[in-house]
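Engineer:
Written as structure tokens, this is what we have:
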């Protein structure tokens with residue numbers, strides 16, 4: 001089994017002064033074969049998100065000017081549904097140094113409304129369900145036996 005281990009990231013304190021639990025964060029590289037650019041960054045592992053990669057403002061800028069492949073709607077905990085443009089990209093986990101682990105093609109969801117962009121990029125179950133994921137409160141362990149090629 002190939003395994004990648006990341007330390008949780010300390011998140012700090014909420015608005016009421018209560019400490020927020022540390023967060024499991026993976027480091028990914030997204031690569032679009034059509035364009036000659038690779039995007040590197042952290043993303044929060046969130047089993048409550050149905051999709052693949054949910055973009056934050058910095059990630060969304062990398063898709064600016066590129067026509068989306070489709071549109072998807074997500075339910076929000078607030079008072080509206082969230083409309084997202086959908087893109088696809090090859091995804092890799094950053095292991096140690098410059099070593100990467102290929103995860104295959106994933107869907108990247110970019111909210112149409114600026115207010116719906118989160119502070120952090122999120123990795124959801126479309127990606128996580130193809131991996132063995134262990135959350136132990138200190139480390140995030142992600143692994144797989146043999147990854148099957150997925151198409152979004």
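Residue numbers (the working numbering): 1 to 152. Cβ atoms here follow ideal geometry from the backbone N, Cα and C, with glycine treated the same way. None of the values given here were measured: they were computed from a predicted structure.
What is the DSSP secondary structure of residue 150, reduced to helix, strand or coil?
Structural biologist: Taking the chain shown and counting its residues from 1, one reaches residue 150 at position 150. Unreliable positioning characterises residue 150 in this predicted model, as indicated by a pLDDT of 47, which lies under 50. A coordinate reading is not provided.
Engineer: Output needed for residue 59: all residues of its chain with C-beta closer than 6 Å, excluding positions within five of it in sequence on either side, in chain order.
Structural biologist: Walking along the chain shown from the start, residue 59 turns up at place 59. Hits under 6 Å: 121.
Engineer: Quick check: the segment 21 to 39 against the segment 80 to 99, are at least 3 beta-carbon pairs closer than 8 Å?
Structural biologist: They touch, by the three-pair rule.
Engineer: Which residues in the same chain as residue 27 place their Cβ atom closer than 6 Å to its Cβ, once the five residues preceding and following it in sequence are excluded?
Structural biologist: For this step, residue 27 is matched to residue 27 along the chain shown. Correct list, in chain order: 42, 94.
Engineer: Can you check which of these residues, 67, 129, 139, is closest to residue 112 by C-alpha distance?
Structural biologist: Sequence index remark: in the chain shown, residue 112 carries index 112 (1-based). Checking every option, the nearest Cα to that of residue 112 belongs to 67.
Engineer: Does residue 21 come out as helix, strand or coil in the three-state DSSP assignment?
Structural biologist: Counting from one through the chain shown, the residue named residue 21 turns up at place 21. Reduced to three states, the DSSP call for residue 21 is coil.
Engineer: By the three-class DSSP mapping on this structure, what secondary structure does residue 42 have?
Structural biologist: As a working mapping, residue 42 is identified with position 42 in the chain shown. It is a strand residue.
Engineer: Less than 8 Å between the C-beta atoms of residue 23 and residue 8, yes or no?
Structural biologist: Numbered from 1 along the chain shown, position 23 holds the residue referred to as residue 23. Numbered from 1 along the chain shown, position 8 holds the residue referred to as residue 8. Yes, these two residues count as a Cβ contact at 8 Å.
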